[in-house]
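Written below as structure tokens is the structure these notes are about.
2 protein chains.
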Amino acid sequence: MQAEIITIGDEILIGQILDSNSKFIATELNKIGVSVYQITSIQDDKKHILEALKNAQSKADIVILTGGLGPTKDDITKLTLAEYFNDTLILNDEIVEHIKTMFAKVNYPFTEVNKNQGLLPSSCTPLFNTVGTAPGMWFENNKKVVVSLPGVPFEMKTLMSLSVLPKIQQTFKLPYILHKTILTYGMGESIVAERIEDWENNLPNFIKLAYLPSFGNVRLRLTAKGISKEILENSIKVEVVKLQNIISDIIIGFEENETIEVSIGLLLKEKQQTIAIAESCTGGSICKRITAIPGASNYFIGGVIAYNASVKINELSVDKRLIDEFSVVSCQVAEAMAKGIQQKYQTTYAIATTGNAGPTTDDTDTTVGTVFIAVATPAAVYSEEFFFGKPREKVIERATNKALEMIRKEILKN
Amino acid sequence: MQAEIITIGDEILIGQILDSNSKFIATELNKIGVSVYQITSIQDDKKHILEALKNAQSKADIVILTGGLGPTKDDITKLTLAEYFNDTLILNDEIVEHIKTMFAKVNYPFTEVNKNQGLLPSSCTPLFNTVGTAPGMWFENNKKVVVSLPGVPFEMKTLMSLSVLPKIQQTFKLPYILHKTILTYGMGESIVAERIEDWENNLPNFIKLAYLPSFGNVRLRLTAKGISKEILENSIKVEVVKLQNIISDIIIGFEENETIEVSIGLLLKEKQQTIAIAESCTGGSICKRITAIPGASNYFIGGVIAYNASVKINELSVDKRLIDEFSVVSCQVAEAMAKGIQQKYQTTYAIATTGNAGPTTDDTDTTVGTVFIAVATPAAVYSEEFFFGKPREKVIERATNKALEMIRKEILKN
Numbered sequence: 001m002q003a004e005i006i007t008i009g010d011e012i013l014i015g016q017i018l019d020s021n022s023k024f025i026a027t028e029l030n031k032i033g034v035s036v037y038q039i040t041s042i043q044d045d046k047k048h049i050l051e052a053l054k055n056a057q058s059k060a061d062i063v064i065l066t067g068g069l070g071p072t073k074d075d076i077t078k079l080t081l082a083e084y085f086n087d088t089l090i091l092n093d094e095i096v097e098h099i100k101t102m103f104a105k106v107n108y109p110f111t112e113v114n115k116n117q118g119l120l121p122s123s124c125t126p127l128f129n130t131v132g133t134a135p136g137m138w139f140e141n142n143k144k145v146v147v148s149l150p151g152v153p154f155e156m157k158t159l160m161s162l163s164v165l166p167k168i169q170q171t172f173k174l175p176y177i178l179h180k181t182i183l184t185y186g187m188g189e190s191i192v193a194e195r196i197e198d199w200e201n202n203l204p205n206f207i208k209l210a211y212l213p214s215f216g217n218v219r220l221r222l223t224a225k226g227i228s229k230e231i232l233e234n235s236i237k238v239e240v241v242k243l244q245n246i247i248s249d250i251i252i253g254f255e256e257n258e259t260i261e262v263s264i265g266l267l268l269k270e271k272q273q274t275i276a277i278a279e280s281c282t283g284g285s286i287c288k289r290i291t292a293i294p295g296a297s298n299y300f301i302g303g304v305i306a307y308n309a310s311v312k313i314n315e316l317s318v319d320k321r322l323i324d325e326f327s328v329v330s331c332q333v334a335e336a337m338a339k340g341i342q343q344k345y346q347t348t349y350a351i352a353t354t355g356n357a358g359p360t361t362d363d364t365d366t367t368v369g370t371v372f373i374a375v376a377t378p379a380a381v382y383s384e385e386f387f388f389g390k391p392r393e394k395v396i397e398r399a400t401n402k403a404l405e406m407i408r409k410e411i412l413k414n
Numbered sequence: 001m002q003a004e005i006i007t008i009g010d011e012i013l014i015g016q017i018l019d020s021n022s023k024f025i026a027t028e029l030n031k032i033g034v035s036v037y038q039i040t041s042i043q044d045d046k047k048h049i050l051e052a053l054k055n056a057q058s059k060a061d062i063v064i065l066t067g068g069l070g071p072t073k074d075d076i077t078k079l080t081l082a083e084y085f086n087d088t089l090i091l092n093d094e095i096v097e098h099i100k101t102m103f104a105k106v107n108y109p110f111t112e113v114n115k116n117q118g119l120l121p122s123s124c125t126p127l128f129n130t131v132g133t134a135p136g137m138w139f140e141n142n143k144k145v146v147v148s149l150p151g152v153p154f155e156m157k158t159l160m161s162l163s164v165l166p167k168i169q170q171t172f173k174l175p176y177i178l179h180k181t182i183l184t185y186g187m188g189e190s191i192v193a194e195r196i197e198d199w200e201n202n203l204p205n206f207i208k209l210a211y212l213p214s215f216g217n218v219r220l221r222l223t224a225k226g227i228s229k230e231i232l233e234n235s236i237k238v239e240v241v242k243l244q245n246i247i248s249d250i251i252i253g254f255e256e257n258e259t260i261e262v263s264i265g266l267l268l269k270e271k272q273q274t275i276a277i278a279e280s281c282t283g284g285s286i287c288k289r290i291t292a293i294p295g296a297s298n299y300f301i302g303g304v305i306a307y308n309a310s311v312k313i314n315e316l317s318v319d320k321r322l323i324d325e326f327s328v329v330s331c332q333v334a335e336a337m338a339k340g341i342q343q344k345y346q347t348t349y350a351i352a353t354t355g356n357a358g359p360t361t362d363d364t365d366t367t368v369g370t371v372f373i374a375v376a377t378p379a380a381v382y383s384e385e386f387f388f389g390k391p392r393e394k395v396i397e398r399a400t401n402k403a404l405e406m407i408r409k410e411i412l413k414n
């Protein structure tokens, strides 16, 4: 089963926005066993739309268009679809009523322009938009499907999930698909690949492996395709156990949306332990990641962004002589910061960063990209020196990822 | 002058990554006066590449392909380009030497597989890749150009900037293009549009306006196209002055990469003033934004992430009775936090947040989405109550944007 995605509108072609709609649609189609053959971004222009549609239908069973369904005159998708299917627009009273209700809710005046959104090609099945005014459209002929969706991401996503994906599953006989995500942390894609090479080569042919690297972690996604749900489930289970035996040290979770900060939160809650964070060069980035998780207040007591040396001395009890002797960017100062906040906030663990994120060497002589990360545990404090290169945002991001990795390892030990 | 961008590879089609390469190329082409007619993402498959190339060349003067140039057998772009141009691959010694040097630098063994990267269609002009191993290729015939670039974003961007854009400008007679960005803050796109409607409608026909909304701000980009640089420059100047007269209250800068945190930094440096930040519900997000700017240590003294009530009391001198009487999520506590950190860190300004980012109401009864933001100035402290809805990450992001907007206004006054 092949699909093509067509996005209509100039915003992508002038480089104004990233085409995140296509990414969402492609991900969701792949999950239910539909491959995406091509993604095409085109202008809001009748000739161009007609041509792209014809091209797409010559190869794909399913064509999904997004964009070009707004109330203004620029949006000509609907008229073009009517022309393509040799059809005419008719007013759909149900849709008009729905739009009126939507406008009334937010006290917007309903105008003739808005009424036009209820005009739809007569041959389409309207897809009700419960979160916006532009309805989606489903066309079906000769066992081929064309779907048109609004371009507003939230509306498109809602229509995809509630209408389009179920309708595709009803219309086409699709294989059963099972996904399992394994989240690894702290190793690059190529090293992970090397460690699991034998296992990967011996996967049954109905199970595919994808590497999804991002932000210091690599997600491994197993996709099994077949007709028996039971066989797929069992096979995936067997393969995950085998994998755990090979890389247990870097696996941190199995949820699709799991991140290292989620994993840290679960561990701390389970162990009823707490954490505090003292950040210099990372400037709040570690605190932000930890507090992004709902319920972080159960284990995260607080943090100090000790940017100025005076804050390190006064708030974290770092001995000024350490700074004078070793400079603020040193393992001695990182460890003193971690100990300082651990004692002050009375937490099980603390983590501290000090470094030079660049672009200039500032008041210390430290090379740009050098970061010291210290971890304080109930028993000890230790630190490591890292060199995270440049530019500034990468240094901060890498230091944050490494700090989270270090603290997670420490929590696991205790 | 029309271009088409073709990205080759499965990562985009399975929804694994966003097509950020196309966004970059489209932006850069538009800047030099080349319109992008279509962006097409296709599989790493010979037949598909040939077909997409033919289609693209039938409409576009310039076709830029990215991806499919790695050393492994999956990457068949080069062979396909040779076939398309009825050409053969020959070994380019200069390129091979360059790759050897790149490998030696990082102590990687140079293998036969890597040598293959030096094989190029004989008719192309190789584009030297100074930051990677895969060279770019420039094909020119019948006044039409096909360019092939590696898919690694950093390598693609370097080749675009150093080789492709200058070569396009040499090869084609392009109009003169002038861009001017005006950054506005604190108002939504539709409200900005309403305020400047008359001005926009009266723009000369060679000046186009684009709205680029993101993260609480709207960038207005004026693009003038013509043959006289002088006329364009003068006209843009005139229009910007007119615009300033209409929306001076929301314009915060004119640099393409300017953000509100950059603007705050420039103001504080100029006035030789300082700031400290106390964050509860925003959890480090404001500190992170402020410290993302190089040189922030000149004006940002430090911050406290006061997640637990004990930190608010002990570190920020918030009176426990205020918390008991009004709850931690209150204007009284927000103001006490701001005053507390301003006094402790001895800064000109302080900003504080306390609220409930959700998803649950936690230990207070406050509605999810409620946030109090307080600003302390040399003369006073005040706060405002906001309702930022949900989900959690949006509450945090909106509160952060609003806090930055409030503090910037305050700095401007003093």
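So the sequences go chain by chain: Z and W.
With UniProt numbering as the guide, the letters of the first sequence map in order to residues 1 to 414.
With UniProt numbering as the guide, the letters of the second sequence map in order to residues 1 to 414.
Using N, Cα and C, we set each Cβ at its ideal position, and we do this for glycine too.
A quick note: this is a predicted structure, and the numbers were derived from the prediction, not measured.
Check: Three CB pairs or more closer than 8 angstroms across the region 385-393 of chain W and the region 241-257 of chain W; Outcome: no
Check: Distance between residue 50(Z) and residue 137(Z) (C-alpha atoms, nearest Å); Outcome: 16 angstroms
Check: Contact with chain Z by residue 294(W), beta-carbon distance below 8 angstroms; Outcome: yes
Check: Simplified DSSP state of residue 217(W), which is helix, strand or coil; Outcome: strand
Check: Rounded separation between residue 188(W) and residue 210(W) - CA only; Outcome: 14 angstroms
Check: Three-state secondary structure (DSSP) of residue 99(Z); Outcome: helix
Check: Cross-chain neighbours of residue 395(W) in chain Z, by beta carbon under 8 angstroms; Outcome: Under the 8 angstroms cutoff, chain Z gives no residues; its nearest Cβ is about 11 angstroms from residue 395(W).
Check: CB of residue 382(Z) within 8 angstroms of CB of residue 275(Z), strictly; Outcome: no
Check: CB-CB length for residue 290(W) against residue 277(W), believed under 8 angstroms; Outcome: 7 angstroms
Check: Contacting residues, own chain, Cβ-Cβ under 8 angstroms from residue 412(W) (five flanking each side not counted); Outcome: 267
Check: Beta-carbon proximity check, residue 32(W) vs residue 6(W), cutoff 8 angstroms; Outcome: no
Check: Residues of its chain near residue 149(Z), where Cβ-Cβ distance is below 6 angstroms and the 5 sequence neighbours each way are ignored; Outcome: 66, 136, 156 and 159
Check: Test item: CB-CB of residue 114(W) and residue 133(W) under 8 angstroms; Outcome: yes
Check: DSSP state of residue 372(W) mapped onto helix, strand, coil; Outcome: strand
Check: Which of helix, strand or coil DSSP assigns to residue 390(Z); Outcome: coil
Check: Below-8 angstroms beta-carbon distance, residue 157(Z) vs any chain W residue; Outcome: no
Check: Which listed residue (375(W), 327(W), 338(W) and 313(W)) has its alpha carbon closest to that of residue 345(Z); Outcome: 313(W)
Check: Candidates 122(Z), 357(Z) and 272(Z): closest to residue 366(Z) by CA position; Outcome: 357(Z)
Check: Of the residues 355(Z), 394(Z) and 404(Z), the one placed nearest residue 376(Z), counting alpha carbons only; Outcome: 404(Z)
Check: Any chain W beta carbon closer than 8 angstroms to residue 19(Z); Outcome: yes
Check: Whether residue 371(Z) touches residue 302(W) by CB criterion (8 angstroms); Outcome: no
Check: Short CB-CB distance (under 8 angstroms) between residue 129(Z) and chain W; Outcome: no
Check: Range covered by the beta strand (DSSP E) that runs through residue 299(Z); Outcome: Neither: residue 299(Z) is in no beta strand (DSSP E) and is coded neither H nor E.
Check: Where residue 303(W) sits in the DSSP three-state scheme; Outcome: strand
Check: Contiguous beta strand (DSSP E) assignments of at least 3 residues, all confined to the region 119-181 of chain W; Outcome: 119-121, 125-127, 136-141 and 144-149
Check: Closest residue to residue 198(Z) among 237(Z), 177(Z), 305(Z) and 242(Z) (Cα-Cα distance); Outcome: 242(Z)
Check: Distance between residue 57(Z) and residue 2(Z) (C-alpha atoms, nearest Å); Outcome: 10 angstroms
Check: Within chain Z, the residues that residue 339(W) reaches when beta carbons sit closer than 8 angstroms; Outcome: The contacting residues do not exist; residue 339(W) stays about 17 angstroms from chain Z at best.
Check: Unbroken stretches of the alpha helix (DSSP H), 4 residues or longer, contained in the region 226-292 of chain Z; Outcome: 229-247, 260-271 and 285-291
Check: Listed by chain order, chain Z residues near residue 321(W) by CB distance under 9 angstroms; Outcome: Those do not exist, as residue 321(W) stays about 20 angstroms from chain Z at its closest Cβ, beyond 9 angstroms.
Check: Local Cβ density within 10 Å of residue 321(W), reported as buried at 16 or more and exposed below that; Outcome: exposed
Check: Interface flag, residue 304(Z) vs chain W, CB-CB below 8 angstroms; Outcome: yes
Check: Proximity below 8 angstroms, CB of residue 420(Z) to CB of residue 307(W); Outcome: Because chain Z is modelled from 1 through 414, residue 420(Z) falls outside the range shown and cannot be assessed.
Check: Assigned secondary structure, residue 327(Z) (DSSP; H/G/I helix, E/B strand, else coil); Outcome: coil
Check: Residue 163(Z) versus residue 273(W): straight-line alpha-carbon distance, rounded; Outcome: 55 angstroms
Check: Alpha carbon of residue 338(Z) to alpha carbon of residue 343(W), nearest angstrom; Outcome: 24 angstroms
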